[in-house]
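So the sequence shown is numbered by UniProt numbering: it starts at 1 and just counts up by one.
Glycine included, every Cβ here is placed at the ideal spot set by N, Cα and C.
Predicted model, so just to flag it, every value in this text is computed and none were measured.
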Amino acid sequence: MCTGISMISNEGTAFLGRTQDFNILLNHYGAMQLPRGCDIKQAIRPFNIMYSILGLSFQHQGAPFYSIPDGVNEFGLSGSTQRLTDYAVYSTVEEIEQAEKFPVKSGQFLLWILGNCKDTYEIEEKLTQIGIVDLTIDDKVPGEPRHFLFTDRSGRTIVVEPDKKLGFSVHENLVKAMTNSPDFKWHLTNLSNYTNLSCVDPSLKNINGFQVEVTGKGMGMSGLPGDYSSASRFIRAAYMVNTSEVFDDEQTLTQMFHLLDNISIPKGSIRLPEESENHQLLFTHYSICYNLKQSELNVRFYHNQRIQRVTFSEEIAKGTEIKMYKLRQEEDIQLVKD
């Protein structure tokens with residue numbers, strides 16, 4: 001349960017943002033920057049990344065977890081993951097290597113792509129070199145079903161879906177939104193059911209001489225679905241992104257978080273049935289926004305609404321050590337005295 005969006009400011013800067021929704025309690029979020037040439041050894045087959053990556057990560061006792069749900073590289077290529085339950089098609093290590101491709105887990109797909117591609121066009125070229133293994137990050141079967149949203153520094157946005165044996169479908173994403181299952185083409189088709197939506201408030205209507213008054217302002221977008229299903233979140237995200245005002249870089253960051261607020265899930269709104277393996281509340285753990293011109297990370301957590309920023313460091317990029325950043329998840333309220 002996650003939603004991704006992208007926008008371009010009136011200064012030409014591209015942004016990618018997402019919500020991270022879970023029913024599992026994960027309390028060790030942090031940011032990390034990996035240097036150029038970093039070896040990813042905790043993988044089904046170790047690999048090396050060519051480009052430095054800044055992203056959010058899970059941490060345990062200060063040690064990095066070599067998987068990122070979202071991130072950006074030094075060339076401003078950014079990506080995020082969303083679940084693709086019942087649609088993802090993975091292969092065994094043997095099948096992938098017999099096809100002369102490199103095997104990666106879905107949890108490390110972003111690391112491989114951001115570490116080896118400069119833009120969305122290069123992603124399409126290099127997808128022929130890899131396949132996703134049907135294993136979780138901790139080597140359990142089956143692997144986490146995922147598809148991937150990418151935006152590069154030019155603002156071009158694509159969706160990559162591992163929906164065929166040893167292959168991927170790539171979709172140009174003109175609506176700049178993505179959620180979970182069903183697949184991306186289904187969501188685009190579903191948009192046809194909402195062509196009546198308009199951000200313009202309706203005017204009064206005459207029905208056979210009877211004047212129907214509009215009951216106040218704010219009737220624009222009447223009929224916009226408000227629940228938290230993947231289908232409804234996609235419609236909401238697509239329409240809000242594409243009716244948004246266009247701002248400068250600083251205000252676009254603010255606008256991105258406002259848009260993400262409209263698809264975020266508060267605690268208590270979704271409760272899983274008791275027989276579920278994890279029956280905690282499902283809620284939005286964090287909302288994040290990447291500035292692709294600066295390759296910087298901006299994040300807000302459920303219990304800390306203050307934006308925390310991590311900037312890309314050229315010094316770290318050309319170094320040899322992974323840099324870990326501790327992020328505050330507890331509420332951080334500014335006390336005003338004057």
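Drop a sphere of 10 angstroms on the beta-carbon of residue 162, count the other beta-carbons inside from all chains shown, and report buried for 16 or more, exposed for fewer.
Taking the sequence shown and counting its residues from 1, one reaches residue 162 at position 162. Classification of residue 162: buried, given that the 10 Å Cβ count is 16 or more.
In the DSSP assignment, find the beta strand (DSSP E) that holds residue 207 and state where it starts and stops.
Taking the sequence shown and counting its residues from 1, the one referred to as residue 207 is at position 207. It spans 205-207 - the beta strand (DSSP E) in which residue 207 sits, taken as one unbroken run.
Using 8 angstroms as the Cβ pair cut-off and three pairs as the minimum, do the region 10-26 and the region 284-294 touch?
yes
Residue range of the alpha helix (DSSP H) that residue 98 falls in?
Within the sequence shown, numbered from 1, the residue matching residue 98 stands at position 98. Its alpha helix (DSSP H) spans residues 93-98.
Verify whether the separation of the beta carbon atoms of residue 43 and residue 154 is less than 8 angstroms.
For the purposes of this step, residue 43 is taken as the residue at position 43 of the sequence shown. For the purposes of this step, residue 154 is taken as the residue at position 154 of the sequence shown. No, they are not a contact pair.
Should residue 267 go down as buried or exposed, given a rule of 16 or more other Cβ atoms within 10 Å for buried?
Reading the sequence shown from its first residue, position 267 is the one you call residue 267. Exposed, because fewer than 16 other Cβ atoms sit within 10 Å of the Cβ of residue 267.
For residue 70, count neighbouring Cβ atoms within 10 angstroms of its own Cβ and tell me buried if that reaches 16, exposed if not.
Start at 1 with the first residue of the sequence shown, and residue 70 comes out as number 70. So residue 70 counts as buried.
What span of residues does the beta strand (DSSP E) with residue 32 cover, start to end?
Mapped onto the sequence shown, residue 32 falls at position 32. First-last of the beta strand (DSSP E) with residue 32: 29-34.
Where in the region 207-239 do unbroken runs of the beta strand (DSSP E), each at least 3 residues long, occur, reported from the N-terminal end onward?
210-212
Got a sec: is the Cβ-Cβ distance from residue 254 to anything in chain C below 8 angstroms?
Absent from the structure: chain C. Only one protein chain is present.
Which of helix, strand or coil does DSSP assign to residue 170?
Translated into positions along the sequence shown, residue 170 becomes position 170. Three-state result, residue 170: strand.
Could you check whether residue 234 and residue 179 sit closer than 8 angstroms to each other, using their CB atoms as the reference points?
By one-based count along the sequence shown, residue 179 stands at place 179. By one-based count along the sequence shown, residue 234 stands at place 234. The answer is yes: Cβ separation under 8 angstroms.
To the nearest angstrom, how far is the alpha carbon of residue 293 from that of residue 139?
For the purposes of this step, residue 293 is taken as residue 293 along the sequence shown, with counting starting at 1. For the purposes of this step, residue 139 is taken as residue 139 along the sequence shown, with counting starting at 1. A direct Cα-to-Cα measurement between residue 293 and residue 139 gives close to 36 angstroms.
Consult DSSP for residue 303 and reduce its assignment to one of helix, strand or coil.
Here residue 303 refers to the residue found at position 303 when the sequence shown is read from its first residue. Three-state result, residue 303: coil.
Confirm, please, whether the CB-CB distance from residue 260 to residue 22 is below 8 angstroms.
For the purposes of this step, residue 22 is taken as residue 22 along the sequence shown, with counting starting at 1. For the purposes of this step, residue 260 is taken as residue 260 along the sequence shown, with counting starting at 1. Cβ atoms of residue 22 and residue 260: not closer than 8 angstroms.
Looking at residue 223 and residue 206, is the spacing between their C-beta atoms short of 8 angstroms?
As a first step, residue 206 must be located in the sequence shown, where it is residue number 206. As a first step, residue 223 must be located in the sequence shown, where it is residue number 223. Cβ atoms of residue 206 and residue 223: not closer than 8 angstroms.
I'd like the span of the alpha helix (DSSP H) that includes residue 256, first residue to last.
Translated into the one-based positions of the sequence shown, residue 256 becomes position 256. That run of the alpha helix (DSSP H) goes 249-261.
Counting only runs that start and end within the region 102-132, where is the beta strand (DSSP E) found for 3 or more residues in a row?
Fully contained in the region 102-132 are the following beta strand (DSSP E) runs of length 3 or more, in chain order: 102-105.
Ignore the nearest five residues each way along the sequence and tell me which others in residue 78's own chain have a CB closer than 6 angstroms to its CB.
Here the question's residue 78 lines up with position 78 in the sequence shown. Taken in chain order, the residues that qualify are 16, 72, 151, 290, 292.
Are the Cβ atoms of residue 68 and residue 55 separated by less than 8 angstroms?
Taking the first residue of the sequence shown as position 1, residue 68 is located at position 68. Taking the first residue of the sequence shown as position 1, residue 55 is located at position 55. In this structure, residue 55 lies closer than 8 angstroms to residue 68 by Cβ.
If you follow the alpha helix (DSSP H) that residue 190 is in, where does it begin and where does it stop?
Within the sequence shown, the letter at position 190 stands for residue 190. That run of the alpha helix (DSSP H) goes 184-190.
Between the region 93-105 and the region 307-317, do at least 3 Cβ pairs fall closer than 8 angstroms?
no
For residue 178, which beta-bridge partners are listed by DSSP?
Against the sequence shown, residue 178 aligns to sequence position 178. Note: residue 178 sits in a beta bridge opposite 4.
In the DSSP assignment, what are the bridge partners of residue 147?
As a first step, residue 147 is located in the sequence shown; it is residue number 147 there, counting from the start. The partner list for residue 147 (beta bridge, DSSP) reads 82.
For the beta strand (DSSP E) that contains residue 88, what are its first and last residues?
On the sequence shown, residue 88 is found 88 positions in, with the first residue counted as 1. Premise fails: residue 88 is in no beta strand (DSSP E) and is neither H nor E.
Just to confirm before moving on: does the CB-CB distance between residue 84 and residue 145 stay below 8 angstroms?
One-based indexing of the sequence shown puts residue 84 at position 84. One-based indexing of the sequence shown puts residue 145 at position 145. Judged by their CB atoms, residue 84 and residue 145 are nearer to each other than the 8 angstroms cut-off.
Can you tell me the Cα-Cα spacing of residue 148 and residue 80, whole angstroms?
For this step, residue 148 is matched to residue 148 along the sequence shown. For this step, residue 80 is matched to residue 80 along the sequence shown. The alpha-carbon atoms of residue 148 and residue 80 are separated by roughly 6 angstroms.
With H, G and I counted as helix, E and B as strand and the rest as coil, what does DSSP make of residue 243?
Position 243 of the sequence shown, counted from the first residue, corresponds to residue 243. Residue 243: helix per DSSP, three-state reduction.
With a 10 Å radius around its C-beta and 16 neighbouring C-beta atoms as the bar for buried, classify residue 2 as buried or exposed.
Translated into the one-based positions of the sequence shown, residue 2 becomes position 2. The residue in question, residue 2, is buried, as its Cβ has 16 or more Cβ neighbours within 10 Å.
Indicate whether residue 229 and residue 181 have their beta-carbon atoms separated by less than 8 angstroms.
Reading the sequence shown from its first residue, position 229 is the one you call residue 229. Reading the sequence shown from its first residue, position 181 is the one you call residue 181. In this structure, residue 181 does not lie closer than 8 angstroms to residue 229 by Cβ.
Among 29, 50, 82, which residue has its Cα nearest to the Cα of residue 58?
The residue labelled residue 58 in the question sits at position 58 within the sequence shown. The option with the nearest alpha carbon to residue 58 is 29.
In whole angstroms, give me the CA-to-CA distance for residue 320 and residue 327.
Within the sequence shown, the letter at position 320 stands for residue 320. Within the sequence shown, the letter at position 327 stands for residue 327. One C-alpha to the other measures close to 22 angstroms.
Please state the DSSP three-state secondary structure of residue 161.
To locate residue 161, count along the sequence shown from 1; it is residue 161. Here DSSP, grouped into helix, strand and coil, assigns residue 161 to strand.
Taking the alpha carbon of residue 333 as the reference point, which residue from 325, 318, 306, 127 has its own alpha carbon closest?
Here residue 333 refers to the residue found at position 333 of the sequence shown. Residue 306 is the option with its Cα nearest to residue 333.
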